[in-house]
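Every number in my numbering is 1 more than the matching position in the sequence shown, counting from 1.
Structure, as structure tokens:
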Amino acid sequence: MDKVVALAKRRGFIYPSSEIYGGIAGFWDYGPLGTELKRNIKNEWWKSMVQLRDDVVGLDASVIMNPEVWKASGHLEAFTDPLIECKVCHKRFRADKKEEVKEHEKEHAGKKTEWTEAKHFNLLTEVYLGVTEPKLKTYLRGEITQGVFVNFKNVVDSTRVKIPFGIAQVGKAFRNEITPGNFTYRSREFEQMELEFFIKPDETEGQKWFDYWKEQRMQWYTGLGMKKANLRFRDHHDDERAHYARSATDIEFHAPIGWSEFEGIHHRGEWDLSRHKLTYKDEDNTEYTPWVIETSGGVDRSTLFFLLNAYHEDDKRLILKLHPKLAPYKAAVFPLLANKEEMVDVARKIYDNVRGEIMVAWDDRGNIGKRYAAQDEIGTPYCITVDYQSLEDGTVTLRDRDSAEQKRIPKDTVLSLIKDQLL
Ligand code: GAP
């Protein structure tokens, strides 16, 4: 983990928020490369969940909503975490994170660790609106989900969706976490990518769609290069399910901090629509409250886990083996020598031609070995070098990140060759 945190800072993936003022716990900024990686993850998600499906439409709801939403959804009452404090060293822990609690007890080996009684803290972040008193007290959304439910009728009335169908959304959520930590893993501001899939209220349908979305989501991660050995499902026990869930399964990643959840598949039943008093009328005019199967992924946790999954170091090289679809730059273009005008001109033309369609880096500093190494550690799948031979026969070298093999290809085929890898 420490190595990935250091690489993320050094190469501009992730920085601590407001760092020059000492930072602020639970907040992170994405640098130039992190922004690209995160955007690629979100774009791939949108493509698979909305663009390629007939039964899902998109939504972009507001972060702040009428506070009544949070009363109806049950979050004001039940969206809490239990806080306990070690009476010996006054460190605070979430009582439901049993592994972390056990780990701490080991640190006090020999002495008996005494804990305070668990106190429950609500995770919603309060905001106050307006300029005159009394200001309106409301909340930053604690999950992006409620924006979908309160727009259920709008979407049904304004589009041609018919049950079963889904509404997908990507956006920021905020939780006043009592123990933020483990880099971006537990943040107070983070992004979610979620699908709320509406189905008939029927046990068989519920099980069918729950199983279907579990598999779809697992395949999406492995399709983007997550190693199967790094992934598993974990069913929630009865005492850990969120207040809205009838059943829940996490997708977990085998991280250095242990197996860690980064996506939840939840059977929310009729909880949300019934709380918002919303129903659906079938074609034959039968009215009912649909059930909901939800897939709720964390963009920040996925970004962290894609980085950890891709990190590869041996005695020769440090490589970020990111899937080409996720890599911040799809290729880098180099003139072998920065002071050879003809070489620079040819390389610049290739660069200008390619950058209209894909993210591509330019580098003409230092020796070529160092340039390759700099691209390997940020995950650039291909490097294209214009050398002496290029000036004679119009070919360039194409170097593969993972094998470090080079081959000569006609310079006009560079773009199509790279794009083939991205489709
Ligand atoms: N709408 C359902 C929902 O929000 P959740 O299990 O509370 O369910 C879903 O959150 C996902 O959001 C998690 O699997 C995780 O990836 C991400 N997430 C939740 N809390 C987070 C936090 N404090 N920091 C970073 N990501 C978080």
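We treat Cβ as the ideally placed atom computed from N, Cα and C, and that holds for glycine.
Within the DSSP bridge table, the entry for A332 names V361, Y383 as partners. Annotation: Q376 to Y383 spans about 9 Å, alpha carbon to alpha carbon. Within the same chain, no residue comes within 8 Å of T133 by CB-CB distance, once the 5 residues on both sides are set aside. T81 has its CB no nearer than 6 Å to any heavy atom of the ligand GAP.
Less than 7 Å separates the beta-carbon of V128 from that of L141. The beta-carbon distance between S303 and I42, rounded to whole angstroms, is 6 Å. This is short enough to meet the 8 Å contact definition. In this structure, the alpha-carbon of L279 lies about 40 Å from that of E100. In the structure shown, M194 adopts extended strand secondary structure according to DSSP, grouped into three states. DSSP places G35 outside any beta strand (DSSP E); the residue lies instead in the alpha helix (DSSP H), whose first and last residues are 33-47. For L308, the enclosing alpha helix (DSSP H) starts and ends at 300-311.
Under DSSP, G259 forms a beta bridge with A256. With three or more CB-CB distances shorter than 8 Å, the segment 302-316 counts as touching the segment 226-239. Assigned with DSSP and collapsed to three states, G23 falls in coil, not helix or strand. Residue environment analysis places H109 among the exposed positions, since fewer than 16 neighbouring C-beta atoms fall within 10 angstroms of its C-beta. Taking all protein chains shown into account, A328 has 16 or more neighbouring C-beta atoms within 10 Å of its C-beta and is therefore buried. Distance from the CA atom of D346 to the CA atom of A339, rounded to whole angstroms, is 10 Å.
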